[in-house]
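Sequences listed follow chains A and B, in order. Going by my numbering, the first residue of the first sequence is number 136, and it counts up by one from there. Going by my numbering, the first residue of the second sequence is number 252, and it counts up by one from there. Just so you know, even glycine gets a beta-carbon here, dropped at the ideal spot from N, CA and C. Since we're looking at a predicted model, the values are computed, not measured. Heads up: the structure comes next, in structure tokens.
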Amino acid sequence: MQTLEVSPVMDFQSETYKDAYSRINAIVIEGELEANNNYKQLSEHLSDFKDDLLKLARMENRHMKGFQACSRNLSVTPDMPFARDFFAQLHDNFQTALAEGKMVTCLLIQSLIIETFAISAYNIYIPVADDFARKITEGVVKDEYMHLNFGEEWLKANFEASKAELETANRANLPLVWKMLNQVEDDAAVLGMEKDALVEDFMITYGEALSNIGFSARDVMRLSAQGLASA
Amino acid sequence: MFGLIGHLTSLEHAKSVAHKLGYPEYAEQGLDFWCSAPPQVVDHFKVVSATGQTIEGKYVESCFLPEMLANRRIKAATRKILNAMAHAQKEGINITALGGFSSIIFENFKLEQIKRVRNLDLDFSKFTTGNTHTAYVICKQVEDAAPGLGIDLTEATVAVCGATGDIGSAVCRWLTGRTGVKDLLLVARNQERLENLQAELKFGRVQTLDEALPQADVVVWVASMPKGVEVNLETLKQPCLMVDGGYPKNMDATFSYPGITVLKGGIVEHMLDIDWHIMNIVNMDVPGRQLFACFAESMLLEFEKLHTNFSWGRNQITLEKMDLIGEASRRHGFKPLLT
């Protein structure tokens, strides 16, 4: 029987590592910034939850600063233009939905897709991270698990009214996630993060969220794999 | 609530099942996709005991495929098992059996070191390999089927292939302590483990597969046969009873020969129908009643409210534990498969 290979030893100071890190770290920073802005904007539309949402926005801002410290620690300059471009389509879809007052779509993009994308990446990153970044990321993951359910709770409470829009929004946005993962597959591999592990972690967490909201097991399987085949 | 963690036997099998169950997103995919696929609860059913007691169970498909090991996708394979266990625990299941390759992967890759799966600490006391019941059932199959073929165990030589494994060593203990077999042939790859086993049993002889087969009246297979093992069927004894304890059950084709009887090992039949569709998928002959003994162990532990990892670790199966699970098995209406 084969043995389980231990995680490869990383040279965090090598140029190859730092080059890949400049993009992955930028994505993480941009993701937290997106989240911060999205929650602030959502708080204007969901006034009953204004305080909760502003609290979330502040937390995402703290996370962003933590990840900025991670790149400083490795003397890496995050490639922010790359990251903004990386998130552009999801960003635009969120802004369009917001302008149209489609809260369900906004929550799917922010609370389900962006949050799950972040948590999966952090989960897979932690075992291969440098010591400094590991501590920061572990703290962030702990926070994220505590608030992952804001959008979930809202969508659950409004499930019947949201169902059709969730399906449409899922169809439009989930394929973007697979595209985004493909785009950074090589960089992630340099950091020791395997694409199949990232996809799997995403599908598990995303599927759990859909299931909590009220989708049946069959719907969860269908929705969480949407677009993966052609990615 | 009890649980079963299972998997399909090959990529082809997985594709056809996904197609049959109406999951086109899964049906056309290659191995890469299955390496990324999350665990799923694919069946939820009730089981009624011979005593009238009713329990509920869930079947968790881990999405593991044997090709992952063959293609050295070891990390994916281990993730499948841990994620399926985490899924079962999150579903609130009291006791879950690790079916097929699941327990082997858990043990070989020492997954007990990895207790944390995302935001969940695995509680290993909620899982069982089911190996005690499997070993018990295989022993009963040998004891009950041999006489019908004209094999008197007190005059018989029994070969155990995979003797040093968890199930194999338990079978050897039972055959030595409870059946009075004339001779026991111990076959396995690891010489040191074989010698330790023989020292523990104070019985039996260590042999190679080629040496053992022509001498055996009964062969118990609990090792995965390396592909391409050629057996000269003419050299085998007649009659000869083969108990196929592997997964998938594919020995009847290898040993299709006059005088050789192949029994599907480690399978039980329940006296009442179980309303599930999962045993259809793994191609049981009587899917409403037949199931793997390891799965039945989690049912028995749920019936008996023994919510503990009854079978766990390697070579921990005692005759007393086999007696206990065997007694529960009979009481709740399970019988070893004899046809």
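Nearest residue (CA-CA) to residue i, options the options
{"i": "residue 473 of chain B", "options": "B:435, B:516 and B:487", "result": "B:516"}
{"i": "residue 369 of chain B", "options": "B:335, B:547 and B:420", "result": "B:335"}
{"i": "residue 351 of chain A", "options": "B:384, B:293, B:262 and B:458", "result": "B:293"}
{"i": "residue 320 of chain B", "options": "B:273, B:566 and B:262", "result": "B:262"}
{"i": "residue 333 of chain B", "options": "B:307, B:487 and B:290", "result": "B:290"}
{"i": "residue 329 of chain B", "options": "B:297, B:306 and B:365", "result": "B:365"}
{"i": "residue 304 of chain B", "options": "B:569, B:555, B:419 and B:345", "result": "B:555"}
{"i": "residue 222 of chain A", "options": "A:180, A:158, A:181 and A:175", "result": "A:158"}
{"i": "residue 167 of chain A", "options": "A:235, A:148, A:234 and A:252", "result": "A:252"}
{"i": "residue 208 of chain A", "options": "A:153, A:313, A:250 and A:324", "result": "A:153"}
{"i": "residue 465 of chain B", "options": "B:538, B:456, B:484 and B:375", "result": "B:484"}
{"i": "residue 361 of chain A", "options": "A:172, A:284 and A:307", "result": "A:307"}
{"i": "residue 496 of chain B", "options": "B:350, B:531, B:432 and B:565", "result": "B:350"}
{"i": "residue 226 of chain A", "options": "A:213, A:212, A:248 and A:214", "result": "A:248"}
{"i": "residue 211 of chain A", "options": "A:147, A:199 and A:359", "result": "A:147"}
{"i": "residue 549 of chain B", "options": "B:576, B:489 and B:259", "result": "B:576"}
{"i": "residue 297 of chain B", "options": "B:585, B:584, B:418 and B:526", "result": "B:526"}
{"i": "residue 581 of chain B", "options": "B:568, B:569 and B:547", "result": "B:547"}
Proximity test, Cβ basis, 8 Å: residue i and chain A
{"i": "residue 352 of chain B", "result": "no"}
{"i": "residue 322 of chain B", "result": "no"}
{"i": "residue 446 of chain B", "result": "no"}
{"i": "residue 582 of chain B", "result": "no"}
Partner residues on chain A for residue i, Cβ-Cβ distance less than 8 Å
{"i": "residue 276 of chain B", "result": "356, 357, 360, 361, 363 and 364"}
{"i": "residue 330 of chain B", "result": "332 and 335"}
{"i": "residue 334 of chain B", "result": "335 and 339"}
C-beta neighbour in chain B for residue i, strict 8 Å
{"i": "residue 347 of chain A", "result": "no"}
{"i": "residue 342 of chain A", "result": "yes"}
{"i": "residue 156 of chain A", "result": "no"}
{"i": "residue 329 of chain A", "result": "yes"}
{"i": "residue 136 of chain A", "result": "Residue confidence is low: residue 136 of chain A scores 47 on pLDDT, short of 50, so the model does not pin down where it sits. No coordinate-derived value is stated."}
Cβ-based burial, residue i [other Cβ within 10 Å; buried from 16]
{"i": "residue 440 of chain B", "result": "exposed"}
{"i": "residue 294 of chain A", "result": "exposed"}
{"i": "residue 295 of chain B", "result": "exposed"}
{"i": "residue 408 of chain B", "result": "buried"}
{"i": "residue 206 of chain A", "result": "buried"}
{"i": "residue 283 of chain B", "result": "exposed"}
{"i": "residue 450 of chain B", "result": "exposed"}
{"i": "residue 522 of chain B", "result": "exposed"}
{"i": "residue 136 of chain A", "result": "Residue placement at residue 136 of chain A is poorly supported in this model, since its pLDDT is 47, which falls under 50; the coordinates still yield a value, given next. Residue 136 of chain A is exposed by the Cβ-count criterion."}
{"i": "residue 281 of chain A", "result": "exposed"}
{"i": "residue 500 of chain B", "result": "buried"}
{"i": "residue 144 of chain A", "result": "exposed"}
{"i": "residue 281 of chain B", "result": "exposed"}
{"i": "residue 193 of chain A", "result": "exposed"}
{"i": "residue 274 of chain A", "result": "exposed"}
{"i": "residue 353 of chain A", "result": "exposed"}
{"i": "residue 302 of chain B", "result": "exposed"}
{"i": "residue 235 of chain A", "result": "exposed"}
{"i": "residue 468 of chain B", "result": "buried"}
{"i": "residue 258 of chain A", "result": "buried"}
Proximal residues of chain B, C-beta to C-beta of residue i below 8 Å
{"i": "residue 338 of chain A", "result": "287, 288 and 289"}
Residue i CB to nearest heavy atom of the ligand GDP below 7 Å
{"i": "residue 573 of chain B", "result": "This structure lacks the ligand GDP, and indeed carries no ligand of any kind."}
Neighbour list for residue i in chain B, Cβ cutoff strictly below 7 Å
{"i": "residue 258 of chain A", "result": "369"}
{"i": "residue 352 of chain A", "result": "291 and 292"}
Cross-chain neighbours of residue i in chain A, by beta carbon under 7 Å
{"i": "residue 340 of chain B", "result": "Within chain A, no residue comes near residue 340 of chain B; the closest Cβ sits about 13 Å away, beyond 7 Å."}
{"i": "residue 283 of chain B", "result": "331"}
{"i": "residue 237 of chain B", "result": "Residue coverage of chain B in this structure runs from 252 to 590, which leaves residue 237 of chain B outside it and unanswerable."}
Item to check | Interface residues of the segment 285-310 of chain B facing chain A [CB-CB below 8 Å] | outcome: 286, 287, 288, 289, 290, 291, 292 and 293
Item to check | Residues from the segment 272-302 of chain A in contact with chain B, defined by Cβ distance under 7 Å | outcome: 280
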